[in-house]
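Have a look at the structure below before the remarks.
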Amino acid sequence: MRIFENFESEVRGYIRSFPTIFKKAKGSILTDEQGIEYIDFFAGAGTLNYGHNNEHISQALIEYIQNDGIVHGLDMATTAKKEFIQTFQELILNPRNLEYKLQFTGPTGTNAVETALKLARLVKKRSNIIAFTNGYHGLSQGSLAVTGNNQYRDESYISRTNATFMPYDGYFGDFNTLKYLRKFIEDSSSGVDLPAAIILETIQGEGGINVASNEWLQELDSICKEFDILLIIDDIQVGNGRSGEFFSFEFAGIKPDMVTLSKSIGGGLPMALLLFKPDLDQWKPGEHTGTFRGNNLAFVASKVSLEHYWKNDDLSNAVKYKENILKTKLEEIANKHRDICTIDVRGRGLAYGFEIKNDTNIAGELSSYCFNEQLIIETCGSVGQVVKFLPPLLISEDLLIEGLNRFEKAFDKLLKDKANRLNKEY
């Protein structure tokens, strides 16, 4: 690891959580240079919904490269782009009765968010954007301005100018936070300017796996329509099937004005996409560009993944089936330790959080214990207090259960070690 310590920037993050050198990966397994195999419950922060080196995707990419397919084409017309658009329309948008234009942005999620914010302001001719507590939308300046966690913003001196934060669903317990939001919007003396858009995640990933209720989302959608505000759903981490449906907002039966997609939309390769209703397509030609908008290799990977996994409901049903296994086991573990821990298990699909409420520092330590049990899992939440479960959607039932058993073993060992330390100290 010394070469990374000597030459890579101090900004490196996940390498500190998982201090080994990984050499190869397949499906839901990572293998390091010593040949040690790790079960992956992180999936590239939601990028690898279809697993590492998915055989269908890998084969399609190899054939495309061997046939000298276009790799870099700016936003020119290519066969790969044409086939992706056709497939996305036929398998994703049309069956859901969704009418969206597609805009290919720079290759990461924050590029899609920046584009959405810029377009919303252009269309509505307003500058303010409403975002939510614990929301996460990226680390470039515009996206960071609508990201709730101060950890990412304080030392970058990013201003919250033209961004207003409101409490997310459940932020004040059972209180309906949309009453608060509505009051600020309808009162001309509230000090909150009428926004061009409201941006949110239906399931806050980095914010702690906070799940907005369907009723809350429906009411928010109604507020946006009433006050002529664009609704932007950031589906970068929990879209592409992570929730159990392709789009996480499908459960609520709403149709947002804009949707940002990245991570798994590219089949594991860099790609970001902004969907918006046709009447919002008010760009001038070339008004918002980028050198790497439209990764042709990602078009190939995405087309293949859509064809193999979204022609029917099999993957959605599999995710919901595995969710039951995941939720049941986590609740069993929480119940086992209820005498010494107050644990909240929450989530949807294959995005779950495990929060030990009486000890906000334990999650990071638990992640390290899991690593020692050959399980890759990360934390999230405002102070990293939630263990986040994001296994590949294609993980086998046996491997999912084995990973959960490793998590339980790590948690049991951690609690035992903490008890022993306390006994020695007192």
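In the numbering used here, the protein residues as written are 1 to 426. Virtual Cβ for every residue (Gly too), placed ideally from N, Cα, C. Computed from a predicted model, the values in this text were never measured in an experiment.
Next on the checklist: Classify proline 19: buried if its beta carbon has 16 or more other beta carbons within 10 angstroms, exposed otherwise.
Outcome noted: Taking all protein chains in view, the Cβ of proline 19 is surrounded by fewer than 16 other Cβ atoms within 10 Å, so the residue is classified as exposed.
Item to check | Coarse secondary structure for glutamine 237, derived from DSSP in three states | outcome: coil
Next on the checklist: For serine 302 and isoleucine 265, which I take to be in contact (beta-carbon distance under 8 Å), what is that distance rounded to the nearest angstrom?
Outcome noted: 6 Å
Item to check | Three-state secondary structure (DSSP) of phenylalanine 88 | outcome: helix
Checklist entry - Are the beta-carbon atoms belonging to leucine 432 and tyrosine 352 less than 8 Å from one another? => result This structure gives no information on residue 432, because the portion of the chain shown stretches from 1 to 426.
Checklist entry - Under the three-state reduction of DSSP, which class applies to glutamate 10: helix, strand or coil? => result coil
Checklist entry - Hey, how far is the Cα of lysine 320 from the Cα of isoleucine 254? => result 20 Å
Checklist entry - When you compare only the Cα positions, how much space is there between isoleucine 229 and lysine 81? => result Here the alpha carbon of isoleucine 229 sits roughly 31 Å from the alpha carbon of lysine 81.
Next on the checklist: Measuring straight from C-alpha to C-alpha, what distance separates tyrosine 100 and glutamate 402?
Outcome noted: 41 Å
Item to check | Cβ-Cβ separation, leucine 375 to arginine 406 (assumed contact under 8 Å), whole Å | outcome: 4 Å
Checklist entry - CB alanine 112 to CB serine 262, shorter than 8 Å? => result yes
Next on the checklist: Let me check one thing: in DSSP terms, what residues is glycine 27 bridge-paired to?
Outcome noted: His52
Next on the checklist: Less than 7 Å between C-beta atoms, sequence neighbours within five positions excluded: which residues of the same chain meet that for leucine 446?
Outcome noted: Here the chain comprises residues numbered 1 to 426, so residue 446 is not present and cannot be evaluated.
Checklist entry - Using CA coordinates, which residue listed in Gln89, Lys322, Ile21, Gly267 is at the minimum distance from alanine 298? => result Out of Gln89, Lys322, Ile21, Gly267, Gly267 has the C-alpha closest to the C-alpha of alanine 298.
Next on the checklist: Counting only C-beta atoms, is alanine 212 closer than 8 Å to chain C at any point?
Outcome noted: No chain C is present in this structure, which holds just one protein chain.
Checklist entry - Around the C-beta of leucine 74, are 16 or more other C-beta atoms found within 10 angstroms, so that it is buried, or is it exposed? => result exposed
Next on the checklist: Assuming the contact rule is C-beta atoms closer than 8 Å, threonine 108 and alanine 272 should be a hit. Round their C-beta distance to whole Å, please.
Outcome noted: 6 Å
Checklist entry - Can you tell me whether DSSP reads leucine 274 as helix, strand or coil? => result strand
Checklist entry - In terms of DSSP beta bridges, what is arginine 346 paired with? => result Gly353
Item to check | Identity of the residue in Lys23, Leu117, Glu219, Tyr152 nearest valine 11 by Cα | outcome: Nearest of Lys23, Leu117, Glu219, Tyr152 to valine 11, Cα basis: Tyr152.
Next on the checklist: Relative to the C-alpha of glycine 173, which candidate in Arg160, Leu200, Ala212 has its C-alpha closest?
Outcome noted: Ala212
Checklist entry - If you count every other CB in all the chains shown that lies within 10 Å of the CB of isoleucine 209, and 16 or more means buried, which is it? => result buried
Checklist entry - From which residue to which residue does the alpha helix (DSSP H) around glutamate 365 run? => result 362 to 372
Checklist entry - Exposed or buried, which one is histidine 72 when buried takes at least 16 other CB atoms within 10 Å? => result exposed
Item to check | asparagine 295 in three-state terms, based on DSSP | outcome: strand
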